[in-house]
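Residues in the sequence shown are numbered consecutively from 0, following numbering that gives the first Met the number 0. Even for Gly, the Cβ is constructed at its ideal location relative to N, Cα and C. Source: prediction; values computed, not measured. I have placed the structure first, in the form of structure tokens, so that the comments after it can refer back to it.
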Amino acid sequence: MKLMVVGGGGREHAIIKKLKENPSVEVVYALPGNGGIAADAVCVNIGAKDIDGIVRFATENAIDFAVVAPDDPLVLGAVDALEAVGVPCFGPCKNAAIIEGSKVFSKNLMKKYGIPTAAYEVFDNMEAALAYLETAPIPTVIKADGLALGKGVIIAQTLDEAKDAVRSMMEDKVFGASGSRVVIEEFLTGPEVSVLSFTDGNVVIPMISSMDHKRAGDNDTGLNTGGMGTVAPNPYYTAEVAEECMKTIFLPTIDAMNKEGRTFKGCLYFGLMLTPNGPRVIEYNCRFGDPETQVVLPLLESDLLTIMQATANGTLADVDVRFSDKSACCVIMASKGYPVKYESGCPMTLPADDENGFIYVAGAKQTEKGLVSAGGRVLGVTAVAETLADAVKAAYKKVDAVDFANGFYRHDIGARALAAGK
Ligand code: AMP
Ligand code: GLY
Numbered sequence: 000m001k002l003m004v005v006g007g008g009g010r011e012h013a014i015i016k017k018l019k020e021n022p023s024v025e026v027v028y029a030l031p032g033n034g035g036i037a038a039d040a041v042c043v044n045i046g047a048k049d050i051d052g053i054v055r056f057a058t059e060n061a062i063d064f065a066v067v068a069p070d071d072p073l074v075l076g077a078v079d080a081l082e083a084v085g086v087p088c089f090g091p092c093k094n095a096a097i098i099e100g101s102k103v104f105s106k107n108l109m110k111k112y113g114i115p116t117a118a119y120e121v122f123d124n125m126e127a128a129l130a131y132l133e134t135a136p137i138p139t140v141i142k143a144d145g146l147a148l149g150k151g152v153i154i155a156q157t158l159d160e161a162k163d164a165v166r167s168m169m170e171d172k173v174f175g176a177s178g179s180r181v182v183i184e185e186f187l188t189g190p191e192v193s194v195l196s197f198t199d200g201n202v203v204i205p206m207i208s209s210m211d212h213k214r215a216g217d218n219d220t221g222l223n224t225g226g227m228g229t230v231a232p233n234p235y236y237t238a239e240v241a242e243e244c245m246k247t248i249f250l251p252t253i254d255a256m257n258k259e260g261r262t263f264k265g266c267l268y269f270g271l272m273l274t275p276n277g278p279r280v281i282e283y284n285c286r287f288g289d290p291e292t293q294v295v296l297p298l299l300e301s302d303l304l305t306i307m308q309a310t311a312n313g314t315l316a317d318v319d320v321r322f323s324d325k326s327a328c329c330v331i332m333a334s335k336g337y338p339v340k341y342e343s344g345c346p347m348t349l350p351a352d353d354e355n356g357f358i359y360v361a362g363a364k365q366t367e368k369g370l371v372s373a374g375g376r377v378l379g380v381t382a383v384a385e386t387l388a389d390a391v392k393a394a395y396k397k398v399d400a401v402d403f404a405n406g407f408y409r410h411d412i413g414a415r416a417l418a419a420g421k
């Protein structure tokens, strides 16, 4: 089979490596991929948002199955466009991807169907939003409605910070049109859990749980990033919590999307907070998380391509989806200065993958001088082991073997999970 994966980060590298375990896969094209992914796929210089280019490539190359991994092309309707020319896809159609594409949509969906989430108000008028803040409990959370590269959420610790956040989104338009509507919501507390799930609109199969580390610095200091590391499973996500989430969140969400005429097929990502009052949805993503995928897929024992095809066909109930009972840890190596200002084009030398650890490449370019960095998040250094403690140890040992002078990483990935697991 000829496969095509749209995207070019560490998540896509992990998806591609897993897909290639299926012996029927002849070739995987990555659009655009990156210099590290090039070791595992044929990279094609077509951007992930170039829907016309993606469709043309798929038709001209007789692609048998496509995986659309990032949020942008999904929200833009890449799956609709590919299916219209007869290319089967893993990923939701545009009318379902809105569950991530619009926070207002997802909050209203949860309210309408009684799915537990933070209390909220929606504003498209700045004066009304500012007036509301005068009476809102502080801290409060301000969210831009649309996609904002994971940066559209501001936790305001004071009234002034909250007002600044609203002005920056609605007046200064720091997130462009994404901020013309904002959600102001209740500040919740508790451990966070990422649960990725496969769903074909009929059944929902949660994958192994994971924990992201969003802040740039050790001990959760510094700015929010796309994610600086992950571990799986997440020790806070016990069997009892999983059962409650299935009943109060996962199944109700699938049902709600069906009732709205927006059947969701693909990977639905539940960003949860386990509050003292029970699990709450913090966010939905219409895709695999990055870097959650880098710890979840290495633990998947079943064939990914079979699962993805069943998800597209509506036959997921017939497929065996099994995860190993081992643990995984992924440490992101990013360019110094990320998530603000950083250099690209810096040289690096990577150790070979082996049973003790492997590297998913998130941002790199192949040049005459060898592999150089290209982007903020550069490498996802990953290890799998019998215990979480051993996986963390092995991942950091692999990090030590990487030569990337312009890189930095957090030293405490997995520390909180290990403390909680005891
Ligand atoms: P998001 O971009 O929606 O993933 O939000 C980024 C981060 O902001 C989340 O991972 C949470 O840590 C935090 N966050 C979002 N909403 C809330 C909330 N209502 N209460 C507390 N923290 C939140
Ligand atoms: N790691 C969080 C996300 O993919 O949105």
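Using 8 Å as the threshold, is the C-beta distance between F197 and I306 below it?
yes
Give me the Cα-Cα distance between N94 and I53, rounded to the nearest whole angstrom.
19 Å
Mind checking which residues open and close the alpha helix (DSSP H) that includes N124?
Unbroken run through N124: none, as it is neither H nor E.
Only counting the same chain, and skipping five residues up and downstream in sequence, which positions put a Cβ closer than 6 Å to that of D199?
K264, T310, G313 and L315
Measuring from the CB of L195, is there a heavy atom of ligand 1 at a distance below 7 Å?
no
For L129, name the three-state secondary structure that DSSP assigns.
Assigned with DSSP and collapsed to three states, L129 falls in helix.
Going by other Cβ atoms of all chains shown within 10 Å of its Cβ, with 16 needed for buried, is N124 buried or exposed?
exposed
Is E242 helix, strand or coil by DSSP?
helix
What separation, rounded to the nearest whole angstrom, lies between the Cα atoms of I358 and F64?
25 Å
Put Y112 into one of helix, strand or coil per three-state DSSP.
The three-state secondary structure of Y112, taken from DSSP, is helix.
DSSP has E2 in a bridge; who is on the other side?
For clarity, residue 2 is Leu in the given sequence; the question names Glu instead. Looking at the DSSP assignment, L2 forms a beta bridge with V27 and F64.
Output yes or no for whether 8 Å exceeds the beta carbon distance between G46 and G100.
no
If you draw a straight line from the C-alpha of V86 to the C-alpha of V383, how long is it?
34 Å
In terms of alpha-carbon separation, which member of Y131, G216, I207 and K1 lies closest to E59?
K1
Which same chain residues, not among the five before or five after D49, have their C-beta less than 7 Å away from its C-beta?
So the list is empty, once near-sequence residues are dropped.
Tell me the DSSP secondary structure of M272 in three-state form.
In this structure, M272 counts as strand in the three-state DSSP scheme.
Am I right that A231 and A327 are in contact with their C-beta atoms under 8 Å? What's the rounded C-beta distance?
Indeed, because the Cβ distance is near 5 Å, the residues count as touching under 8 Å.
Confirm, please, whether the CB-CB distance from G90 to V74 is below 8 Å.
Not closer than 8 Å, so no.
Does the distance from the CB of I114 to the CB of A255 come in under 8 Å?
yes
Here's the rule: buried if 16 or more other CB atoms are within 10 angstroms of the residue's CB, otherwise exposed. What is N218?
It counts as exposed.
Any heavy atom of ligand 3 closer than 7 Å to the beta-carbon of E291?
Absence of ligand 3 from the depicted structure is noted, with ligand 1 and ligand 2 being the only ligands included.
Taking just the CA atoms, how far does K106 sit from Y112?
10 Å
Within the region 278-334, note down every full alpha helix (DSSP H) run reaching 4 residues or more, in order along the chain.
292-295 and 303-312
Check whether the Cβ atoms of P275 and E243 lie closer than 8 Å to each other.
no
Relative to the alpha-carbon of L299, which residue among V320, G288, Q308 and V280 has its alpha-carbon at the smallest distance?
Ranking V320, G288, Q308 and V280 by Cα distance to L299 puts V320 first.
Looking at G362 and G375, is the spacing between their C-beta atoms short of 8 Å?
yes
Under a three-way DSSP split, which group does N107 fall into?
Reduced to three states, the DSSP call for N107 is helix.
Classify G265 as helix, strand or coil using the three-state DSSP reduction.
strand
Would the beta-carbon of P290 fall within 8 Å of that of C266?
Taking 8 Å as the Cβ cut-off, P290 and C266 do not qualify as a contacting pair.
Would you check whether ligand 1 has a heavy atom nearer than 7 Å to the C-beta of E160?
no
Can you tell me whether G175 is helix, strand or coil according to DSSP?
helix
Nearest by alpha-carbon distance to G288: which of S208, A80, G35 and M3 is it?
S208
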